[in-house]
Amino acid sequence: MSDTVGRAVLSIDVELFDQTPAYRSASGTTDQQGIGLNGLEWFRETLAERDASTTCFVVASLVDRYPDHIEALADAGFEIGSHTSSHELLSDLDADRRREELQTSRDRLESLTGRSVTGFRAPAFDITDDHFDLLAEAGYGYDSSIVASRAIPGWYGGEYELESPAPATAVDPDAPAGLAELPASVMPGLRLPLTGTWLRFFGPRYTALGMRLLARRGIAPVLYVHPWELVGLPRVEGVPSRVYYHTGEWMRDAVSYILDQPFDFVTARSVLDDAVPGWAPATRGAGRRED
Ligand SMILES: [Zn+2]
Numbered sequence: 611m612s613d614t615v616g617r618a619v620l621s622i623d624v625e626l627f628d629q630t631p632a633y634r635s636a637s638g639t640t641d642q643q644g645i646g647l648n649g650l651e652w653f654r655e656t657l658a659e660r661d662a663s664t665t666c667f668v669v670a671s672l673v674d675r676y677p678d679h680i681e682a683l684a685d686a687g688f689e690i691g692s693h694t695s696s697h698e699l700l701s702d703l704d705a706d707r708r709r710e711e712l713q714t715s716r717d718r719l720e721s722l723t724g725r726s727v728t729g730f731r732a733p734a735f736d737i738t739d740d741h742f743d744l745l746a747e748a749g750y751g752y753d754s755s756i757v758a759s760r761a762i763p764g765w766y767g768g769e770y771e772l773e774s775p776a777p778a779t780a781v782d783p784d785a786p787a788g789l790a791e792l793p794a795s796v797m798p799g800l801r802l803p804l805t806g807t808w809l810r811f812f813g814p815r816y817t818a819l820g821m822r823l824l825a826r827r828g829i830a831p832v833l834y835v836h837p838w839e840l841v842g843l844p845r846v847e848g849v850p851s852r853v854y855y856h857t858g859e860w861m862r863d864a865v866s867y868i869l870d871q872p873f874d875f876v877t878a879r880s881v882l883d884d885a886v887p888g889w890a891p892a893t894r895g896a897g898r899r900e901d
C-alpha cells in the first residue's frame with residue numbers, strides 16, 4: 611500500500627429502494643422485497659477482498675427487518691453510523707420526531723453492534739437549523755450531511771462552502787463544541803458531487819479525477835454509494851429515469867474502478883481523527899468497545 615496517494619472514504623448509505631424519496635413519492639409500487647440487499651452483500655465482500663474499510667450509514671429500521679445483513683457489516687470491521695431510523699427527510703418532521711430519529715437509530719445500532727455509534731448522515735443531505743444541537747443531544751460526535759455542491763435547481767446544493775473536514779462550527783457558528791463535520795466531496799472548480807447521480811452520469815473516470823485533485827490539496831475524498839444502485843431495479847411508475855440510469859452491473863464496475871485507484875480506503879472516523887484533532891467522539895455509551 612506504499613504507492614497510494616492518500617486516503618479516501620467510500621461510504622455507503624444503507625437504505626433499500628423502497629425507502630428512497632423517489633420511490634416513496636412515486637405513483638406505482640413493487641411487490642419485490644429487500645431491493646438492494648444483494649448489492650449491500652456485494653459491496654461488503656468486495657471491500658473485504660481488498661482489505662478496504664468503510665463507514666456504513668445505516669437506516670436503523672433495517673435492523674429489525676434484516677439484522678443479519680447489518681450485523682455482517684459490523685463483523686467485517688466497518689464503522690457503523692446512523693442514517694436515521696426511517697429515512698424520512700428531516701425537514702419534513704417536527705423537532706420531536708427529528709430528535710427521536712437521531713436518538714432511537716443510534717440506540718438501535720449500538721445495541722446491535724455493541725459498539726459506539728458516533729457518525730450521522732441525513733437522508734438526501736437534508737438538514738434543519740437545529741441539526742447540530744439535536745446531534746449533540748443524541749450523543750453523536752460527527753455529521754456527514756453537508757455537500758458543498760453548486761445549486762442544482764429543484765434539487766439541492768448552493769448552501770455550503772465547506773470542502774474538507776472541520777469542526778461543525780465551520781458550518782454553523784452556533785454548533786456545539788466538539789462536533790465535527792465531514793463533508794461529501796465535490797469536484798474542485800465544477801462543484802458537483804463526485805458520487806451519487808453524478809458518478810452514474812459522468813462515469814468513474816470523473817470521480818477518479820476528482821479524487822486525485824483533492825488528494826493533491828491534502829483532502830481525503832469522501833464518496834457515497836447506495837445498495838440499491840448496485841442491483842437491477844424493477845420499473846416502478848413515477849420513479850424518475852435518472853434513478854435507474856447506470857445502476858446494477860454498470861455501477862458495480864464503477865465501484866470496482868474506484869477501488870482500483872491508488873488510495874487507502876478507510877473509515878470516516880479515522881479521517882476525522884487526523885483532520886480535526888480534538889473532535890470529541892460521543893461519550894454516552896462509555897464502557898462500550900470503542901474500536
Ligand atoms: Zn439515504
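The sequence shown finishes on residue 901 if you use the working numbering, and the numbering steps up by one all the way, no holes. Where is the CB? At the ideal position from N, CA and C, for every residue including glycine. Note that this is a predicted model, so its numbers are computed, not measured.
Less than 7 Å separating the Cβ of residue i from some heavy atom of ligand 1?
i    : result
P814 : no
E720 : no
D628 : no
D702 : no
H693 : yes
P733 : yes
H697 : yes
E625 : yes
Alpha carbon to alpha carbon, how far is residue i from residue j?
i    : j    : result
A885 : V619 : 13 Å
P803 : V757 : 7 Å
M611 : A705 : Low confidence applies here, because M611 scores a pLDDT of 49, under 50, leaving its location unreliable and the question unanswered by this model.
P831 : R617 : 7 Å
T807 : T664 : 20 Å
S671 : S715 : 8 Å
E859 : I737 : 32 Å
E720 : R731 : 16 Å
D628 : G848 : 13 Å
A828 : L882 : Strictly speaking, residue 828 in this sequence is Gly, with Ala absent from that position. For G828 and L882, the distance between alpha carbons rounds to 13 Å.
S902 : R660 : Any answer about residue 902 is impossible in this case: the structure gives the chain only from 611 up to 901.
Q643 : A780 : 41 Å
L840 : V853 : 12 Å
F667 : S635 : 22 Å
G842 : P786 : 42 Å
T728 : D743 : 14 Å
R760 : Y770 : 9 Å
L683 : A662 : 12 Å
D753 : L722 : 21 Å
P844 : T640 : 7 Å
R709 : Y766 : 23 Å
N648 : P837 : 8 Å
E791 : S755 : 8 Å
Could you spell out the range, first to last residue, of the alpha helix (DSSP H) harbouring residue i?
i    : result
V865 : 859-869
S851 : 851-854
T817 : 814-826
E883 : Residue identity differs from the one stated: residue 883 is Asp in this sequence, not Glu. That run of the alpha helix (DSSP H) goes 878-885.
A632 : 631-634
A746 : 741-747
T656 : 647-659
Just curious, the beta strand (DSSP E) that residue i is in, first and last residue?
i    : result
D618 : Per the sequence shown, the amino acid found at residue 618 is Ala instead of Asp. Element bounds for A618: 616-624.
V673 : First-last for V673: 671-675, but that is the alpha helix (DSSP H), not the beta strand (DSSP E).
T665 : 665-668
D874 : 873-875
L833 : 832-835
Would you say the region 643-660 touches the region 693-703, given that touching needs at least three Cβ pairs under 8 Å?
-> no
Would you call the region 871-884 and the region 814-829 touching, i.e. three or more CB-CB distances under 8 Å?
-> yes
4-residue-minimum alpha helix (DSSP H) runs that sit fully inside the region 684-729, ordered along the chain | 705-723
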